[in-house]
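Everything below concerns the one structure shown next.
Residue numbers (our numbering): 64 to 205.
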């Protein structure tokens, strides 16, 4: 079980990143989930709940409450799906787009402050290693 130290570091890294990122997102007036939804819908065609769930990795069940609250705040709008009367498509409202235009660049600049401590070569190595690890788990799943 020589993978346990790597697994431990992967989990700790994820937790550290989530803490670092979510603290800043909260300071901008959003939750991490709200930020994820806004960033995913920005500059995109409206999406169904299922499509948004797949792109954000938020379960469809959890997403329903988040979407409802964001609609109430005027950040998102719902429209009937043209091909399926039982389904709705979600889009950013003008207010949601305005928040995206303010919050997204601010958060990317915040994250850049951490990532710029790594060289281009280090970033590429991390990216490659993470892709390799992901592929291992995807192959195990099939």
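Built from N, CA and C at the ideal position, the CB exists for glycine as well.
Let me know the secondary structure DSSP gives residue i once reduced to three states.
i           : result
residue 91  : coil
residue 111 : strand
residue 189 : helix
residue 121 : coil
residue 137 : coil
residue 180 : coil
residue 167 : helix
residue 69  : helix
residue 157 : helix
residue 79  : helix
Around the C-beta of residue i, are 16 or more other C-beta atoms found within 10 angstroms, so that it is buried, or is it exposed?
i           : result
residue 128 : exposed
residue 98  : buried
residue 137 : exposed
residue 104 : buried
residue 93  : buried
residue 153 : buried
residue 42  : Nothing about residue 42 can be reported from this structure: the residues present for the chain run from 64 to 205 only.
residue 133 : buried
According to DSSP, which residues form a beta bridge with residue i?
i           : result
residue 143 : 151
Are residue i and residue j touching if we call contact CB-CB under 8 Å?
i           : j           : result
residue 166 : residue 67  : no
residue 177 : residue 83  : yes
residue 102 : residue 163 : yes
residue 142 : residue 151 : yes
residue 87  : residue 173 : yes
residue 126 : residue 139 : no
residue 111 : residue 144 : yes
Less than 8 Å between the CB atoms is what I'm expecting for residue i and residue j, so what's the real figure, rounded?
i           : j           : result
residue 96  : residue 121 : 6 Å
residue 124 : residue 100 : With 8 Å as the limit, residue 124 and residue 100 do not qualify as a contact, their Cβ atoms being about 15 Å apart.
The ligand SAM heavy atoms versus the CB of residue i: any closer than 7 Å?
i           : result
residue 194 : This structure lacks the ligand SAM; in fact it carries no ligand of any kind.
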